[in-house]
Amino acid sequence: MQAEQILAQLNEQQREAVTSSGCNVMVVAGAGSGKTRVLVHRIAWLIAVDQVPPQNVFAVTFTNKAAKEMSSRVSEILGYESKGMWIGTFHGIAHRFLRLHWLDAGLDQNFQILDADDQLRQIKKIIKESSFDESRYPPKEITWFINSQKDLGLRPDKSKTKRGYEHYLEIYVAYEKLCRQNNLVDFGELLLRFFETLKNNKTLLEHYQNRFENILVDEFQDTNEIQYQIIKLLTGSSGNAFIVGDDDQSIYRWRGANPDSMPRFRNDFLDPRSIKLEQNYRSTKNILNAANSIISNNNGRLEKNLWTDEGSGPLIKLHQNFDEYEEASNIIETIESKSGKLSLSDIAVLYRSNAQSRVIEEALIRKSIPYRVYGGFRFFDRAEVKDALAYLRLTQNVADDIAFERACSVPPKGIGAQTMDKVKNYARDEGLCLFLAADQLIQSKTLNNRATNSLAAFLGSLNETKKLITEQPLEKQFEIVIEQSRLIPHLKEKKTEQSATKIDNIMELINAAHGFRQPFDDDDLSPMQSFLAHAALESGENQSYQSGEHDSGHIEDVDDIRYRNHTFVSGLILVARANIKIINSREIAELNLKKALDWYRKAKDNGDDEIKAEAKSIIEELKKQ
Numbered sequence: 006m007q008a009e010q011i012l013a014q015l016n017e018q019q020r021e022a023v024t025s026s027g028c029n030v031m032v033v034a035g036a037g038s039g040k041t042r043v044l045v046h047r048i049a050w051l052i053a054v055d056q057v058p059p060q061n062v063f064a065v066t067f068t069n070k071a072a073k074e075m076s077s078r079v080s081e082i083l084g085y086e087s088k089g090m091w092i093g094t095f096h097g098i099a100h101r102f103l104r105l106h107w108l109d110a111g112l113d114q115n116f117q118i119l120d121a122d123d124q125l126r127q128i129k130k131i132i133k134e135s136s137f138d139e140s141r142y143p144p145k146e147i148t149w150f151i152n153s154q155k156d157l158g159l160r161p162d163k164s165k166t167k168r169g170y171e172h173y174l175e176i177y178v179a180y181e182k183l184c185r186q187n188n189l190v191d192f193g194e195l196l197l198r199f200f201e202t203l204k205n206n207k208t209l210l211e212h213y214q215n216r217f218e219n220i221l222v223d224e225f226q227d228t229n230e231i232q233y234q235i236i237k238l239l240t241g242s243s244g245n246a247f248i249v250g251d252d253d254q255s256i257y258r259w260r261g262a263n264p265d266s267m268p269r270f271r272n273d274f275l276d277p278r279s280i281k282l283e284q285n286y287r288s289t290k291n292i293l294n295a296a297n298s299i300i301s302n303n304n305g306r307l308e309k310n311l312w313t314d315e316g317s318g319p320l321i322k323l324h325q326n327f328d329e330y331e332e333a334s335n336i337i338e339t340i341e342s343k344s345g346k347l348s349l350s351d352i353a354v355l356y357r358s359n360a361q362s363r364v365i366e367e368a369l370i371r372k373s374i375p376y377r378v379y380g381g382f383r384f385f386d387r388a389e390v391k392d393a394l395a396y397l398r399l400t401q402n403v404a405d406d407i408a409f410e411r412a413c414s415v416p417p418k419g420i421g422a423q424t425m426d427k428v429k430n431y432a433r434d435e436g437l438c439l440f441l442a443a444d445q446l447i448q449s450k451t452l453n454n455r456a457t458n459s460l461a462a463f464l465g466s467l468n469e470t471k472k473l474i475t476e477q478p479l480e481k482q483f484e485i486v487i488e489q490s491r492l493i494p495h496l497k498e499k500k501t502e503q504s505a506t507k508i509d510n511i512m513e514l515i516n517a518a519h520g521f522r523q524p525f526d527d528d529d530l531s532p533m534q535s536f537l538a539h540a541a542l543e544s545g546e547n548q549s550y551q552s553g554e555h556d557s558g559h560i561e562d563v564d565d566i567r568y569r570n571h572t573f574v575s576g577l578i579l580v581a582r583a584n585i586k587i588i589n590s591r592e593i594a595e596l597n598l599k600k601a602l603d604w605y606r607k608a609k610d611n612g613d614d615e616i617k618a619e620a621k622s623i624i625e626e627l628k629k630q
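FYI, the working numbering numbers position 443 of the sequence shown as 448, with every residue one higher than the one before it.
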């Protein structure tokens with residue numbers, strides 16, 4: 006391929022970045038300046054012009070979708086599929102590494118990935134078994150603490166807590182022990198174990214430092230400490246790191262991202278070259294002028310000034326509202342003013358957190374404006390999908406205690422809480438997984454007849470399912486497992502709109518199996534194992550410190566709300582909430598109390614006792630203020 010073809014349609018600065026050689030490069034790329042294009046063309050240049058073997062390319066993006074698009078675009082430019090590159094998210098690449106080097110990493114070959122919800126359940130389990138008071142040691146707060154420590158690269162023996170929080174470390178130790186016993190790896194552990202394995206294994210480190218001659222990282226400003234250290238370690242003293250980012254776009258500090266990563270790059274990497282991409286291809290002059298004037302007030306930022314050849318465009322309108330109700334009213338008025346000029350499918354309302362949607366939805370309903378909410382629970386996070394996945398996971402590993410416990414309860418199998426407690430206690434005392442503990446209790450006939458028969462039926466069904474799926478293609482395995490699970494008949498019995506939606510989601514899971522193409526780098530896994538790893542990584546994408554980061558106000562699954570069939574939207578209206586300084590702390594407390602009461606009433610209507618109790622405790626605290 007001719008170099009001219011790769012450089013075509015790139016501006017001068019983009020070309021400079023793409024063709025740079027023999028050094029570490031930091032591309033400071035403003036919003037809309039074509040940084041993804043630069044990365045893609047950079048990889049194509051390395052392979053086609055610099056003759057770098059594809060297997061020597063290591064590229065990190067922040068979403069699985071972006072990774073797939075990048076790989077596809079590189080192949081499109083080259084004119085052929087270039088296999089062997091390591092392109093993926095940090096977690097995806099770490100998972101790939103640990104699957105290859107599980108023994109060096111001190112893991113079992115069939116380790117399971119623990120998602121945020123299951124992680125929270127394990128923390129709750131530890132707190133309960135340790136007789137700690139949940140009100141004093143909130144599970145979500147402890148989960149945040151553990152994840153934050155891992156993202157800093159800290160094991161319990163290196164971690165520090167404030168005075169009075171020493172029990173957090175005790176729970177961290179217990180949690181690590183539980184994960185080791187059950188062969189579990191959470192998302193923070195994927196990165197920490199990846200880093201530690203490389204750092205502690207000189208031979209392995211040298212192999213990958215020599216192999217990955219070129220390391221490319223997108224959205225570098227959003228890297229956290231452990232991700233930064235991984236890149237630094239792999240690059241070594243003489244590697245070529247090519248990082249692209251914009252410190253002005255650092256929005257993930259709340260989940261551990263360090264915006265100082267880019268300034269640090271200048272000091273920590275050998276003779277870095279800096280290139281700025283300042284031409285914006287996305288916005289008008291008025292938008293850029295407004296953005297530049299606001300961003301210029303940030304302290305310690307890398308200097309850049311975005312510009313565009315586009316016209317001035319319409320002026321930006323900023324409406325500051327007294328409260329969320331006035332804001333919703335103004336949104337409705339804006340939508341109605343566009344009636345006849347735009348269709349509803351050309352209008353979008355953006356809000357910062359899911360909790361803000363309620364008031365806006367209520368206003369839309371009052372005005373009979375049809376809409377659709379986007380961005381609820383991810384597909385693999387939906388309860389019914391996780392139920393189905395539990396059965397699928399058990400066919401691959403009966404020692405998966407989390408999956409075992411979930412499958413025991415859905416659909417109901419006559420295995421009550423007392424029976425499960427006996428199984429758990431026996432498993433803990435004997436150092437067994439729940440499956441083997443249940444089997445031994447069945448053989449010993451120490452349980453009552455009903456419990457023994459129920460457990461025996463469940464274990465027998467699992468063993469039968471494993472036999473039925475042997476040597477079957479992936480999609481047939483899914484069909485058999487889901488049929489054997491009896492999940493669909495269980496949901497059909499309920500005869501509700503919600504249950505119909507849940508059935509649709511389970512069927513979509515089967516469709517996903519039909520369309521699944523096992524990555525060529527997953528050759529060491531069975532198709533089922535590869536799919537389950539894919540599902541776990543998709544579920545964990547963008548997982549934050551704050552477990553269950555669907556945020557506190559978002560109680561329902563998007564598909565469970567009664568307006569799910571309405572048709573709303575993508576497009577045009579951006580609602581920007583200005584920061585309103587309220588001096589009176591009593592006023593803040595009153596606003597929060599109002600929201601907490603709404604939350605309590607909704608939880609009560611939905612029969613969600615856990616959320617109701619949590620809301621009640623918040624209300625009591627606020628009343629004191």
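Yeah, the Cβ is synthetic: ideal placement off N, Cα and C, and Gly gets one too.
As the structure is a computational prediction, the values presented were derived from the model and not from experiment.
Counted as a single uninterrupted DSSP element, the alpha helix (DSSP H) harbouring Ser-466 occupies residues 454-473. In the structure shown, the three-state DSSP call for Gly-250 is strand. Approximately 5 Å separates the beta-carbon atoms of Leu-196 and Ala-99; this is inside 8 Å, confirming the contact.
Ranked by Cα distance from Ala-121, the options Asn-219, Arg-383, Ile-235 and Tyr-379 are led by Arg-383. With respect to the 9 Å criterion, Ile-131 and Gly-193 are not classified as neighbours on the basis of their beta carbons. Taking a cut-off of 8 Å on C-beta distances, the region 232-243 does not touch the region 131-146, as fewer than three cross pairs fall below it.
In terms of CA proximity to Val-43, Leu-12 leads the group Gln-56, Pro-58 and Leu-12. Looking at the DSSP output, Gly-93 bridges to Val-65.
In terms of CA proximity to Asn-187, Ile-118 leads the group Asp-156, Phe-274 and Ile-118. Shown here, Asn-219 sits in a strand according to DSSP, grouped into three states. In the DSSP assignment, Ile-370 falls within the alpha helix (DSSP H) that extends over 362-371. His-96 counts as buried, since at least 16 other C-beta atoms from the protein chains shown sit within 10 angstroms of its C-beta. By the neighbour-count definition (other C-beta atoms within 10 Å, threshold 16), Phe-327 is an exposed residue. The region 108-117 and the region 66-84 do not touch, with fewer than three beta-carbon pairs separated by less than 8 Å. Pairwise C-beta distances place the region 333-341 out of contact with the region 272-289, as fewer than three of them are shorter than 8 Å. Here the region 400-411 makes contact with the region 431-445; the two share three or more CB pairs at distances below 8 Å.
Within the region 22-58, the runs of beta strand (DSSP E) that reach at least 3 residues and sit entirely inside it are, in chain order, 30-34. Considering only Ala-36, Ile-365, Tyr-605 and Phe-247, the residue with the shortest C-alpha distance to Arg-377 is Ile-365. Going by DSSP, Lys-497 is part of the alpha helix (DSSP H) stretching over 492-497. The DSSP-derived three-state label of Leu-282 is strand. Looking at the backbone, the Cα of Gln-445 and that of Thr-451 are separated by about 9 Å. Out of Asn-302, Leu-311 and Ser-279, the CA that lies nearest to the CA of Asn-294 is found in Leu-311.
A distance below 9 Å separates the beta carbons of Asn-29 and Asn-245.
When DSSP assignments are scanned along the region 158-241, the uninterrupted stretches of beta strand (DSSP E) that are 3 or more residues long and fall wholly within it turn out to be 189-191 and 219-222. For Lys-165 and Cys-184, the gap between their C-alpha atoms comes out near 21 Å. For the pair Arg-398 and Ala-408, the Cα-to-Cα distance works out to about 7 Å. Minimum Cα-Cα distance from Leu-210 among the listed residues Ala-296, Phe-102 and Val-178 corresponds to Phe-102. Distances from the alpha-carbon of Asn-302 to those of Ile-321, Asp-253, Arg-287 and Asn-291 put Asp-253 closest.
Inter-residue distance for Asp-392 and Lys-500 is about 19 Å (C-alpha atoms, whole angstroms).
For Leu-119, no alpha helix (DSSP H) run applies; the uninterrupted beta strand (DSSP E) run containing it begins and ends at 117-119, by DSSP. Per the coordinates, the alpha-carbon of Ile-370 lies some 56 Å from the alpha-carbon of Ala-53. In the three-state scheme derived from DSSP, where H, G and I count as helix and E and B as strand, Leu-347 is classed as strand. Taking the Cα positions, Lys-418 is about 41 Å away from Lys-73.
Note that the C-beta distance between Ser-243 and Leu-275 is below 9 Å. In terms of Cβ geometry, Val-32 and Met-75 do not form a close pair [threshold 9 Å].
Measuring C-alpha to C-alpha distances from Ile-487 to each of Met-425, His-539 and Val-390 identifies Val-390 as the nearest.
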